Structures are given as C-alpha cells and as structure tokens.
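Undergrad: Residue numbers (my numbering): 56 to 254.
Here it is: the structure, laid out below.
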Amino acid sequence: MSQTSFRRPTKHYDERIKGIDEKICELIKQRKEVSSNDPGYPPLEVIKSWAEKYDLYEDLLNSIFGTLWDEESYKPNVKPEDFKKQITVLKAIEANNKIYSVACILQYSNSSVVNLNIEWDSTNNRTERRRETNHYELYIDKDHECRMFYGSGGDDHSHNSFVVSPPLPDDVSGINLIFKERNFDSKDWDEYREIVISL
Numbered sequence: 056m057s058q059t060s061f062r063r064p065t066k067h068y069d070e071r072i073k074g075i076d077e078k079i080c081e082l083i084k085q086r087k088e089v090s091s092n093d094p095g096y097p098p099l100e101v102i103k104s105w106a107e108k109y110d111l112y113e114d115l116l117n118s119i120f121g122t123l124w125d126e127e128s129y130k131p132n133v134k135p136e137d138f139k140k141q142i143t144v145l146k147a148i149e150a151n152n153k154i155y156s157v158a159c160i161l162q163y164s165n166s167s168v169v170n171l172n173i174e175w176d177s178t179n180n181r182t183e184r185r186r187e188t189n190h191y192e193l194y195i196d197k198d199h200e201c202r203m204f205y206g207s208g209g210d211d212h213s214h215n216s217f218v219v220s221p222p223l224p225d226d227v228s229g230i231n232l233i234f235k236e237r238n239f240d241s242k243d244w245d246e247y248r249e250i251v252i253s254l
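Here it is in structure tokens:
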C-alpha cells in the first residue's frame, strides 16, 4: 500500500487537550509493549459496553481499534531502487486445485521483489471463482519484512508482487517463501491457507 501525503483536516486545535492527546500516544505505545505488539481485537460486546460507559459512538471505537489492529499497513513502504539483476527461480507447487509459482526474484540495492503467480481452471466453476477474493501475505523470516505492493487478476489467474527488505542474498537456495492465503469473505481473519515454496 502506497503512503499518500496527509492533509490536516482543519487548522483548529484546542491547546488545552494537548496533554491528553500526548497521553493517548503514550497509552498506544504501552498497549503495544504489554501485548508484545500483538493485541488482537477487543470482543464486540466489550467495545459496545465501552461505548455506552464513556458516551462514545460504537462505530468510532470499532474504527479506532481496527486502525490499531492494522498498524503494519501504515509503515512507510520500501520502494525498490537501483535494479541489479534477476534471479531465476522457476518453482511451483499445486495446492487447493491451483498452481502457485514463482518464476524469478528481482534484486535491487535496497530490496528484493518476489512475484507470486496463481493459476486455476475456471471453465466449470467460473461464477464461483469470480466470487472468491483472496488476500496474500508473504513471510520469509524475522530478519526480512515483506509487503505486498501490487496485485491483479482475472477469472483464472492472479498476480501478486511483494517487496522484501533488506534484499535477499543472490544465492536464495534453502529459503522458504511462506505465503498466507486468506479469503476476504471469511468471518475469521485468523483462518488462512499456507503455501510454502522452497527455493
């Protein structure tokens, strides 16, 4: 996700609440530390009770905790710079009636780009496949941050590009690309299918 410049919605600010606002920032930091930066999301009935107790809009609290839960999406993106080379991979696996493949890895001075291609047969269930909308994440190890920055697709294929930083070594043998596939229609965001492509 690309960051856009933020425009302050109004020039008005009541300086009397500056200390309160700073306290909110302090509590957010404390919340991350206490939860080891994995707070989850409060039960909806708890949010409803807080809204009633503190005379706040329930949807406002849902939005606030949703933003905190999705904090990673606000991290500044690493933009690939100074292209170096392509590393041929040509790896594929079959799972979930689909073919998942990685043809190559693009090497830049500050990052690597991994392209995941997915193909499936849609001739007999075109309507069902069109309804299926999935979200993909990539994990390699604790030393590499992976962010999806582009995705596209059609009735029988999809393409997802991930930026990995710092860059992967030129010798990628032995590295596991662990992709998590989540269905947007799933009621439980913790449910996902794991696809591992070993290099």
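Heads up, the beta-carbon is just placed ideally off N, CA and C, and yes, glycines get one too.
The structure displayed is predicted, hence computed values, not measured ones.
Using alpha carbons as the reference points, say which of 156, 139, 174, 136 lies closest to residue 145.
TA: Within the sequence shown, numbered from 1, the residue matching residue 145 stands at position 90. Looking at the Cα atoms, 156 is the closest of the given residues.
Undergrad: With contact counted as at least three CB pairs below 8 Å, one residue from each stretch, are the region 96–116 and the region 137–144 in contact?
TA: No, the region 96–116 does not touch the region 137–144.
Undergrad: Leaving out five residues on either side along the sequence, give the residues of the same chain with a beta carbon under 8 Å from the beta carbon of residue 120.
TA: What you label residue 120 is simply residue 65 of the sequence shown in a count that begins at 1. Only 96, 97, 102 meet the Cβ criterion.
Undergrad: Determine, using beta carbons only, whether residue 191 and residue 249 come nearer to each other than 8 Å.
TA: Residue 191 sits at position 136 when you count from the first residue of the sequence shown. Residue 249 sits at position 194 when you count from the first residue of the sequence shown. No.
Undergrad: By Cβ distance below 7 Å, which residues in the same chain neighbour residue 151 in space, the five residues on each side in sequence not counted?
TA: The count along the sequence shown starts at 1 and reaches residue 151 at position 96. Hits under 7 Å: 248.
Undergrad: Suppose the cutoff is 6 Å on Cβ atoms and the five residues either side in sequence are ignored; what does the same chain contact list for residue 62 look like?
TA: Your numbering for residue 62 matches position 7 in the sequence shown. Same-chain partners within the cutoff: there are none.
Undergrad: Relative to the alpha-carbon of residue 169, which residue among 175, 160, 233 has its alpha-carbon at the smallest distance?
TA: Against the sequence shown, residue 169 aligns to sequence position 114. Per the Cα distances, 160.
Undergrad: Using only CA atoms, which one of 111, 142, 108 lies nearest to residue 227?
TA: Start at 1 with the first residue of the sequence shown, and residue 227 comes out as number 172. Residue 227 has its Cα closest to that of 142, out of 111, 142, 108.
Undergrad: Rounded to the nearest angstrom, what separates residue 238 and residue 174 at their Cα positions?
TA: Taking the first residue of the sequence shown as position 1, residue 238 is located at position 183. Taking the first residue of the sequence shown as position 1, residue 174 is located at position 119. Using only the alpha carbons, I get a separation of about 16 Å.
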